[in-house]
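Before any comments, here is the structure.
Number of protein chains: 2
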Amino acid sequence: MNMDNIITDKTANDSMESRIRDVAQELFFRQGFAATSTTQIAKEVGCTQALVHYYYRTKENLFRQIFLEQIQAALQVVGESLLSQESFDAFIEQAISLYFDALTRNPQLPFFVLEELVNNPERRRYLRENFVKKPSYVMIYMQFEARLKHEQQAGRIARIEPFDLMMTIASMTVFTFLSLPMYQDLLSRTDSQVKDYILQRKREVIRMVKKILKP
Amino acid sequence: MNMDNIITDKTANDSMESRIRDVAQELFFRQGFAATSTTQIAKEVGCTQALVHYYYRTKENLFRQIFLEQIQAALQVVGESLLSQESFDAFIEQAISLYFDALTRNPQLPFFVLEELVNNPERRRYLRENFVKKPSYVMIYMQFEARLKHEQQAGRIARIEPFDLMMTIASMTVFTFLSLPMYQDLLSRTDSQVKDYILQRKREVIRMVKKILKP
DNA sequence: ATCATATTTAATAACCCTATTAAACAAGGT
DNA sequence: ACCTTGTTTAATAGGGTTATTAAATATGAT
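This is the structure:
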């Protein structure tokens, strides 16, 4: 592998290594870990299956790399939203909007993460070791908690546990995208109708959360 | 297969056929379709793998049977909750409570249904043909819609689209259980703590939905 | 006791899967 | 031109997978 390569943006790089990574990601997203084979990945890339193993040695390895990157990117969005210095209401609005936009760009992400965490204790352990323990991620939550408590003491918003607020926002955001294939298919919606639906749902979620937060 | 069998309750019946079904359900729930093999099912039942195919011919067949039963049972709960003749607020409270209780008894159900519907267009088509079209299920939704509109015209609750209200309740209920393994594992909670958490979350969801519905 | 019917097993065909190995091929440096 | 290093392929070991088949075993009815 050429480590002198100036281009480090993996998505822009079209080397075999990154093409395998990209195709693998797409297939893991669509089908999950168990239903995706290295043979299928190779076929879709247009190389031999041995090459997939040459670069990543095992399927589990390839998966983990993608998995961590995705989780990291997702947590990044959550972290950034907390940097807002505006009023709490504006911050909540901005945060929800940011989540919706991030997931609109990557609608399969919630399911991908869920699938591999729900029925895989080993991966949850891996996640706990690599992220939840990390001070930076603990800090993000504590910051959110402090800010909420502060607003409550000032009487500007209603009493609600920080964890409950977080879960409520996560629920409504994530579930919108989890149920999207059902929405589209069962109600026979076009892609453009789905886009409108997401925007409309975003507005509605913001409205509802604001109402919940009213003192 | 003995069709004269008086016992029709499948869970109480310990014939090989139903034992296979029960074990298969447990494994499909825990691991999903792709990660579960008929060999594993047979091993857990204590019979040969050929027997699994003798009764159900294909793995897909066995899966579908379980899948339909579960969806049917889930929709049953939704339907029943609408029979309530109490005030709208009481009805909402009762409905959410019912969903939470149903899922507490069967916490893997949301993920099981999701897993197989999200990345399987073929199963979504199957579901649409078998359920969404059925007049009884259309009726359930229309009943809910009519009742909500009626309350709104009377000025007793705030303006909100029936679909949005339904999605909101579904989001918060379903997501609680989807995220349960993460909650338990990442925060190192005991089973009893998890139980308390579910109850607490149920109360909170009811409280929030009521607040959203306030005029 | 016999016979039909239902249940269960052993054996196997015909795959597909992961991972490794050795050999072929490219490209750049000297 | 040659050698080194990195890339890619063909071949294959050693599994596991679904599904079918024929043969063995139970069960119940007559």
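Each protein sequence line maps, in turn, to chains A and B. Following our numbering, the numbering of the first sequence begins with 1219 at its first residue and continues without gaps. Following our numbering, the numbering of the second sequence begins with 1219 at its first residue and continues without gaps. Even for Gly, the Cβ is constructed at its ideal location relative to N, Cα and C. Everything numeric in this text was worked out from a predicted model, so none of it was measured.
Length of the line joining the Cα atoms of residue i and residue j
| i | j | result |
| --- | --- | --- |
| A1376 of chain B | L1431 of chain B | 5 Å |
| V1350 of chain B | Y1273 of chain A | 46 Å |
| K1413 of chain B | F1318 of chain B | 11 Å |
| T1229 of chain A | I1238 of chain A | Summary for T1229 of chain A: the model assigns pLDDT 40, below 50, so the residue's position carries little reliability; its value from the coordinates is reported in the next sentence. Roughly 11 Å between the two C-alpha positions. |
| F1330 of chain B | A1372 of chain A | 44 Å |
| I1225 of chain A | E1235 of chain A | Any answer about I1225 of chain A is weak, because its pLDDT of 33 lies below 50 and its placement is not dependable; what the coordinates show is given next. One C-alpha to the other measures close to 13 Å. |
| Y1401 of chain B | E1287 of chain A | 21 Å |
| R1419 of chain A | I1378 of chain B | 12 Å |
| S1410 of chain A | T1256 of chain A | 34 Å |
| L1321 of chain B | V1423 of chain B | 14 Å |
| C1438 of chain B | I1259 of chain B | In this structure chain B extends from 1219 to 1433, so residue 1438 of chain B is not present and cannot be described. |
| N1338 of chain A | L1245 of chain B | 13 Å |
| E1340 of chain B | R1248 of chain A | 14 Å |
| M1390 of chain A | D1382 of chain B | 10 Å |
| R1346 of chain A | R1374 of chain B | 46 Å |
| S1233 of chain B | Q1283 of chain B | 17 Å |
| L1366 of chain B | S1299 of chain A | 35 Å |
| K1261 of chain A | V1270 of chain A | 10 Å |
| A1388 of chain B | S1315 of chain A | 20 Å |
| K1428 of chain B | L1327 of chain B | 26 Å |
| A1385 of chain A | P1399 of chain B | In the sequence on display, residue 1385 of chain A carries Met and not Ala. C-alpha separation (whole angstroms): 14 Å. |
| A1313 of chain B | E1333 of chain B | 25 Å |
| Q1361 of chain B | Q1267 of chain A | 55 Å |
| T1394 of chain A | P1325 of chain A | 9 Å |
| H1368 of chain A | Q1290 of chain A | 28 Å |
| E1363 of chain B | I1416 of chain B | 28 Å |
| Q1303 of chain B | L1405 of chain A | 29 Å |
| K1352 of chain A | D1403 of chain B | 16 Å |
| L1396 of chain B | A1242 of chain B | 21 Å |
| P1433 of chain A | P1433 of chain B | 15 Å |
| A1308 of chain B | R1421 of chain A | 27 Å |
| R1348 of chain A | L1301 of chain B | Arg is not the amino acid found at residue 1348 of chain A; the sequence shown has Asn there. N1348 of chain A and L1301 of chain B: Cα-Cα distance of roughly 48 Å. |
| V1295 of chain B | F1285 of chain B | 16 Å |
| I1358 of chain B | G1297 of chain B | 6 Å |
| L1240 of chain B | R1343 of chain B | The sequence shown places Asp at residue 1240 of chain B, not Leu. For D1240 of chain B and R1343 of chain B, the distance between alpha carbons rounds to 25 Å. |
| V1263 of chain B | R1275 of chain A | 35 Å |
Boundaries (first-last residue) of the alpha helix (DSSP H) holding residue i
| i | result |
| --- | --- |
| E1333 of chain B | 1327 to 1336 |
| S1299 of chain A | 1277 to 1299 |
| F1395 of chain B | 1380 to 1396 |
| I1375 of chain B | Taken as a continuous stretch (DSSP letters only), I1375 of chain B belongs to no alpha helix (DSSP H), as it is neither H nor E. |
| S1236 of chain A | 1234 to 1249 |
| A1252 of chain A | Per DSSP, A1252 of chain A belongs to no alpha helix (DSSP H) and is neither H nor E. |
| R1343 of chain A | 1339 to 1345 |
Under the three-state DSSP convention, the category residue i falls into
| i | result |
| --- | --- |
| T1257 of chain A | helix |
| Q1418 of chain B | helix |
| T1322 of chain B | helix |
| R1407 of chain A | coil |
| Q1303 of chain B | coil |
| I1430 of chain A | helix |
| K1413 of chain B | helix |
| A1313 of chain B | helix |
| V1423 of chain A | helix |
| K1351 of chain A | coil |
| N1223 of chain B | Model confidence at N1223 of chain B stands at a pLDDT of 33, short of 50, so the residue's coordinates are unreliable and nothing is read from them. |
| A1230 of chain A | The predicted model places A1230 of chain A with a pLDDT of 42, which falls under 50 and marks its position as unreliable; any figure quoted below should be read in that light. Looking at A1230 of chain A - three-state DSSP - the assignment turns out to be coil, as it is neither helix nor strand. |
Cβ-heavy atom distance, residue i to the ligand ZN, below 7 Å
| i | result |
| --- | --- |
| F1306 of chain B | Of ligands this structure carries none, so the ligand ZN is not represented either. |
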